[in-house]
Structure formats: structure tokens, C-alpha cells
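Residue numbers (this note's numbering): 95 to 189.
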């Protein structure tokens, strides 16, 4: 019973961290990197996602309820957020 409860909590935490990573990175790209041409390069979302996952790995190693998968999901959320943010910038300027 307690194992299932812990699994549900870790799943909810992983989903929340992924969504927050996506939302924050998308907002950051749209508002702060709007005039930076380098954000439109192909490798930028991948680099942002890998960087975010690498930063999150030591943090999740210290926490008992989350694991490596949470850090990887956070990196994936950041990568997709950067990609969505730059797509929104292109849509706004009509390029």
C-alpha cells in the first residue's frame, strides 16, 4: 500500500517538474530571447534539454522520492519548451 502511494507521489512530482520546465523555458524564450538569433539554430533545444538534465541530476540524487527519470523528463520538458518558444517567435514575426 505505501509503495503504491510513493509511486503515485513520484509520478505526480515528475509530471509537475516536466510541465514547469516546459512552461518556464517557453516563457523565457518568448520574452527574453526574442531578439537573439542564435535561439533559432537547430541544436539549441537539444543543448538546453541536456543542460537542464545535467543540472537536475545532482539535485534528484539528493531527493528520496524522485530519480534519474525525473531529471530526464525535466530535460525533455525544457527542450520542448525551447522549441515551442522559438516556434512562437517565428509565428509572431511571420518568418
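Even for Gly, the Cβ is constructed at its ideal location relative to N, Cα and C. Just so we're clear, the structure is a prediction, and the values are computed from it rather than from any experiment.
CB contact flag (residue i, residue j, <8 angstroms)
i	j	result
residue 143	residue 169	yes
residue 160	residue 107	yes
residue 120	residue 175	yes
residue 173	residue 139	yes
residue 171	residue 105	no
residue 134	residue 180	yes
Three-state class that DSSP yields for residue i in the structure shown
i	result
residue 188	coil
residue 95	coil
Whole-number beta carbon distance between residue j and residue i, since they are thought to touch under 8 angstroms
i	j	result
residue 115	residue 146	6 angstroms
Which ranges would you report for the alpha helix (DSSP H) in the stretch 108 to 170 if only whole runs of at least 4 residues count? 138 to 156
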